Each structure stands twice: as structure tokens, then as C-alpha cells.
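The structure appears below as C-alpha cells.
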Amino acid sequence: MNPRVRFAPSPTGPLHIGGVRTALYNYLFAKKNNGTLLLRIEDTDQTRFVPGAEQYIIEAFQWLGIPFDEGVGIGGDYGPYRQSERKALYKPYAEQLVADGWAYYAFDTPEMLDAKRKEAESQKKTFQYDVHTRMQMCNSLTLSEEEVQTRLQRGDAFVVRFKYPENTDIHVHDLIRGEVVINSNLLDDKVLYKSDGMPTYHLANIVDDHLMKITHVIRGEEWLPSAPLHVMLYKAFGWEAPQFAHLPLLLKPDGNGKLSKRDGDRLGFPVFPLQWIDPKSGETSSGYRESGYLPEAVINMLALLGWNPGNDQEMMSLETLTELFSIEKISKAGAKFSLDKAKWFNHEYIQLKSAEELAPYMIPVLKKNGVECDIHYLQNVIDLVKDRLNFINDFWDQACYFFVAPTEYDPQAVKKRWKEGMGDILQEVMKLIESFVPYDQQKAHDAVMQYIADHELNMGQVLNSLRLAIVGAARGPELFTMIGVVGVQEVRNRLDKAIQTIEGVRS
RNA sequence: GGCGAGUUCGUCUAGUCGGCCUAGGACGUCAGGUUUUCAUCCUGAAGAUCAGGAGUUCGAAUCUCCUACUCGCUACCA
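Quick note: the first sequence uses the working numbering, first residue 259, plus one each step.
In C-alpha cells:
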């Protein structure tokens with residue numbers, strides 16, 4: 259049977275990069291095995307719902323190039339795929355569990371539970387609603403049948419809690435961690451169905467995974483502690499449980515904690531695929547897309563954070579990753595996010611792209627700086643500077659002088675290169691360059707070199723001074739190539755201006 | 001506190017069921033080289049006694065046990 263896997267985010271905000279990796283692994287696993295990947299939105303917590311989050315999630319995966327086969331925004335035979343739209347479906351399952359003795363109604367109010375917790379705390383203990391305490395609480399196990407019915411009919415608030423069997427070892431077989439065993443006496447009777455008529459994650463998850471014929475649950479390690487509950491639920495329903503794989507966590511670059519929303523802007527890298535503006539606070543969180551990352555680079559980097567192909571290969575397209583992916587090679591320990599490595603990946607992926615492919619990315623960068631230009635000119639410039647780009651957004655910093663003449667000249671470079679009388683020398687050099695019409699890079703180069711040799715000039719000073727006039731600093735690509743791209747006439751203009759500015763100040 | 005998981009260079013990791021590991025690669029770092037400049041690029045170097053301890057064994061990063069530390073969970077959140 260072909261596997262069916264799901265990515266099931268909660269629309270409580272922007273999609274975390276750790277979530278992206280979880281989705282990616284699900285995708286890779288599905289594709290590798292000719293399976294199906296579906297997107298389910300788990301919006302059972304109405305209090306945490308954030309408008310726009312769902313759309314954000316869909317857009318993020320579009321940008322990343324991770325397509326879903328089924329689910330919200332796509333459709334499919336197992337919908338609806340939004341849990342809020344499946345609300346009515348869960349209650350009978352909760353009731354069935356109660357009827358079968360796997361769960362019970364609990365009428366304890368939040369205040370009562372709070373009091374219990376405080377009381378336990380004062381004795382330096384922790385209150386847990388479990389096999390040891392449930393008979394002291396207000397529920398269908400302790401109340402009479404009539405009382406329970408009365409309360410239910412009266413419309414009293416209630417929740418449904420899972421009733422763990424006593425002293426039973428629960429085995430979770432995890433594809434990454436192997437056998438995990440825990441005794442039921444240690445577990446608390448989790449709420450399955452809330453008083454607001456919504457299921458909790460646990461119930462909705464199991465019911466939907468079953469109904470949607472999910473074969474493999476690949477999710478974050480934070481779910482490992484509740485996995486025993488989930489296997490018990492499958493047992494209680496008499497359903498075959500899917501295979502579980504709990505992924506290692508993505509850790510923050512400094513310290514050891516889980517990578518969180520705050521870390522991104524604190525450490526200078528995005529934690530979200532796309533920029534996100536919080537609808538309530540208006541606070542902006544940066545995204546990979548807006549920071550100038552290529553989706554291919556983000557995917558490659560993420561794939562290697564907790565997985566490897568078993569050899570030294572690092573550069574891998576989504577297709578290659580799919581080919582090579584296997585759950586067995588997923589590591590157990592959490593992985594720290596590394597900005598340097600992310601930067602390196604992005605640099606590599608930019609190099610892989612042609613100027614034609616890169617140009618569409620650069621046009622917005624230019625626009626932001628008030629520049630519009632010919633596409634061929636742009637491509638020429640890209641060819642010249644792309645090997646020095648780590649991010650798309652570096653383009654302006656690395657290439658602005660191709661579009662706007664410099665107005666300032668790096669004083670350090672001026673001091674070092676532009677010696678007395680340089681203006682006159684450059685006038686001569688410029689005349690040589692202008693003598694080739696149309697511009698001939700090789701000939702111009704040779705002529706200038708000859709001139710420098712004949713006059714016993716310092717090559718570094720002459721050429722860098724000319725560069726200074728064009729760029730405004732001691733940087734940039736090969737001089738004569740650059741002159742060809744910028745254009746001789748423009749170089750002439752810039753030189754005149756530079757001489758005027760630099761020597762004007764001097765005299 | 002309880003429960004669970006994890007622990008190889010600064011970071012990501014390789015290390016198939018013990019020997020080929022005097023622990024390999026990549027990022028980063030450092031040093032050279034290329035270049036008229038900067039960046040790129042190339043070459044090289046430093047860098048983990050495999051968390052610590054005990055055991056099994058002719059032989060352990062690889063098996064067993066103990067300890068330590070880190071993380072996760074411990075909500076009518078997911």
C-alpha cells in the first residue's frame with residue numbers, strides 16, 4: 259500500500275521553520291514511496307486562531323515548491339481538511355469511547371482543578387488527573403448514573419477524559435527512536451473533548467488520521483510524550499495505528515533550547531519562510547524569502563538539519579533529496595540552526611543559476627532603489643557580480659555602481675592610490691580607452707598596460723584610481739570587463755567627475 | 001518534582017550488526033596562492049581520546065550497566 263502522510267499545522271501564527279522541515283520530511287517520504295501528502299489545518303483551539311495564518315502556510319509552501327496532493331486549498335476525497343469544519347464529526351467518537359469504558363465525562367470546573375493544583379503545590383507535589391486521583395474527582399466514574407444524565411441534559415459544562423487502564427505498559431514503536439515504553443499509571447487522563455464542543459488535538463488527530471487513512475505520522479519530537487495516549491486511542495477504537503516517527507528538534511544557534519520566534523530577529527536570521535506581520539501587534543518578523551534566500555537553498559539546508567544521505571553529498575535538489583531520503587537516516591539528537599551554513603548554501607544556489615534566471619529576482623531589488631534598466635544590461639551586471647552574492651538582497655550593495663554613478667570616493671582608497679598628478683595620467687589612459695571604437699576590451703587593456711609600462715607608472719595605483727572613479731571604492735570585478743559593461747562614455751563622465759571631486763578638494 | 005528522549009571537532013554530521021578510526025566530510029576559523037582592488041576561487045593547517053566512569057572482549061565511538069548534563073512533555077494549546 260502506498261503511504262499517506264500529512265502535515266497538520268495549527269493556524270496560530272506564521273509557519274515556523276521547524277514546521278517547514280517537518281513538512282519537508284513528510285513530503286520526501288511520500289514522494290520517495292509513491293505516496294500522498296496532505297495538508298490538514300488543525301484549528302480546534304478557537305482562542306488561538308489567527309486570521310491569515312492559514313493563507314500564510316499555503317503561500318509559504320508554494321514559495322518553497324513543496325506541493326501537497328490533498329488538503330486545504332486543494333481538495334480531495336477525505337475532506338473537509340480543516341478540523342473546525344469537521345467539528346460535528348468528533349462528538350460521536352468521544353461518546354463511543356465513554357460507552358466502551360475507555361473514557362468518562364468530567365464535570366470538574368477549571369476553578370476546582372486549579373484549587374487541586376494549588377493544594378498539591380503547597381505540599382510540594384504535582385496534581386495529576388490520573389488513575390490515582392480520578393476517583394476523587396467529579397466525573398461519571400464517581401457520580402451516579404442519574405446524576406450524570408441530569409447534568410448532561412441540563413447542559414452542564416463537561417469534558418471527556420481518557421481513562422487509562424491501570425498499570426499497563428504501553429509500547430510505542432518509533433521509526434527513529436525504536437521502542438519507547440511507559441506505564442499507564444504515570445500518565446494523566448488527557449482531555450479528549452472540550453467543554454466548548456471541540457475535540458482536543460489528541461482526539462481530532464487520531465480520528466482524522468484514521469479517517470484520512472494516514473499510514474505514517476511524521477512529526478516533531480515534542481509529541482513523543484503523548485504518543486502513548488495516541489496508541490491507546492487507536493487501541494480503544496479498535497483501529498490499526500499508523501507508524502510513528504518523531505523528528506529531532508531544531509535548536510537555536512546559541513544555547514540549547516528549541517528554536518523560537520524570538521531567536522530570529524535576535525540573532526539576525528529568519529525563523530519563518532515568509533515575512534509575517536502580526537495582525538494584532540503589527541510586529542514584523544522577517545522571512546527567508548524577503549531576506550533574499552532561494553527556496554532551493556532553504557530546502558537543502560533544512561533537509562540536512564537532522565538527516566543525511568549517508569555520504570558526503572551536500573548539494574541536493576528536491577528531486578535528489580527525494581531519491582535519497584530514508585527515515586532510517588534521520589538523526590536522533592536535535593540540530594542547531596547555523597546561519598553560516600545557511601548563507602553558504604544560498605551562495606552556492608545563486609551560483610547555480612544563470613543571469614537569466616536571476617534577473618527576475620533582481621528587478622524588485624532595483625525597483626526598491628528607484629532604478630529601472632534594460633534586461634540585457636541587468637544580466638550582464640549579474641554575470642559580473644553573482645559570485646559575490648550570498649543573498650539576493652546583496653545585489654544592490656554589490657552592484658549599485660552599475661546603475662548609479664558614485665558620489666563619494668572611499669577616502670582610504672583615495673589616499674592609498676590616487677597620488678599627485680593622477681588626474682593627468684588618467685586623462686591619458688582614458689584617451690587610450692576611447693580610441694577603440696567600438697570598445698575592445700583586450701585592446702584597451704593591452705594599450706593601457708603598455709602605457710603604464712612605457713611611463714614606468716605604478717600599475718596598482720593607476721588602475722585602482724580608475725576603478726575608484728567608476729566604483730567609488732576599491733572593489734568590484736575586473737576593470738576592463740567592467741568598463742565594457744558600464745560603457746566608455748559613462749566611464750568618461752565618471753572620471754571627469756572624480757577628478758573634479760578628488761583633485762578639487764585637494765587644491 | 002515526575003516521565004520521556006538525547007549526548008562524536010565551535011556547528012551540521014560520517015561512522016551499516018566491535019577491528020580498515022593514528023575518528024572522515026562540510027560550514028566556520030587560520031595561513032598561503034590566484035587577482036591591478038574587493039569578493040569569488042584554489043591549496044594547506046589547526047580542530048573531537050567519541051559526555052564521564054565501570055565492565056564485556058585479544059580489540060569499543062560502536063555491546064552492557066551506572067553517573068552527569070542538555071532538551072522535550074507535564075493545559076479544557078497544538
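Just so it is clear, CB atoms sit at the ideal spot from N, CA and C, and this is done for glycine as well. All values reported here derive from a predicted model rather than from experimental measurement.
For ASP427, the secondary structure class from DSSP, reduced to helix, strand or coil, is strand. The C-alpha of ILE633 lies about 21 Å from the C-alpha of TYR697. Runs of the alpha helix (DSSP H) lying entirely within the segment 311-377 and spanning at least 4 residues, in chain order: 311-322 and 345-357.
By the Cβ test, the segment 647-655 is in contact with the segment 610-629, since at least three Cβ pairs between them sit closer than 8 Å. Positions of the alpha helix (DSSP H) runs, each at least 4 residues long and wholly inside the segment 623-679, are given as 633-643, 652-657 and 669-675 in order along the chain.
Across the set LEU721, HIS460 and ASP414, the C-alpha of LEU721 shows the shortest separation from the C-alpha of ILE710. Taking a cut-off of 8 Å on C-beta distances, the segment 375-391 touches the segment 439-450, as three or more cross pairs fall below it. With contacts defined by Cβ atoms closer than 8 Å, ARG298 and TYR339 form a contacting pair.
With contacts defined as CB atoms closer than 8 Å, HIS474 and PHE287 qualify as a contacting pair. Closest in alpha carbon position to GLY276, among TRP676, PRO528, HIS429 and VAL418, is PRO528. The DSSP-derived three-state label of TRP481 is helix. Contact between the segment 446-462 and the segment 301-309 is present, with at least three C-beta pairs closer than 8 Å.
One Cα belongs to PRO567, the other to MET573, and the distance between them is close to 11 Å.
Excluding sequence positions up to five before and after SER596, its CB lies within less than 8 Å of the CB of PRO511, all in the same chain and listed in chain order. Distance between SER612 and PHE649, taken at the CA atoms: about 15 Å.
Judged by DSSP in its simplified three-state form, THR294 adopts strand. Counting C-beta atoms within 10 angstroms of its own C-beta, SER518 has fewer than 16 neighbours from the protein chains shown and is therefore classed as exposed. DSSP places HIS390 in no beta strand (DSSP E); its state is neither H nor E.
For LEU715, no beta strand (DSSP E) encloses it, and the DSSP letter there is neither H nor E.
Sequence-distant partners of LEU509 (beyond 5 residues in either direction) whose C-beta falls short of 8 Å from its own C-beta, in its chain, are GLY515, LYS516, LEU517, GLY592, ALA593, LYS594 and PHE595. Secondary structure note for GLN394: it is in no beta strand (DSSP E), with a DSSP letter that is neither H nor E. Fully enclosed alpha helix (DSSP H) runs of no fewer than 4 residues occupy 485-495 and 519-525 of the segment 476-557, in order along the chain.
By the neighbour-count criterion, in which 16 or more other beta carbons inside 10 Å mark a residue as buried, ASN292 falls on the exposed side.
Going by C-alpha positions, ASP641 is about 12 Å away from LEU610.
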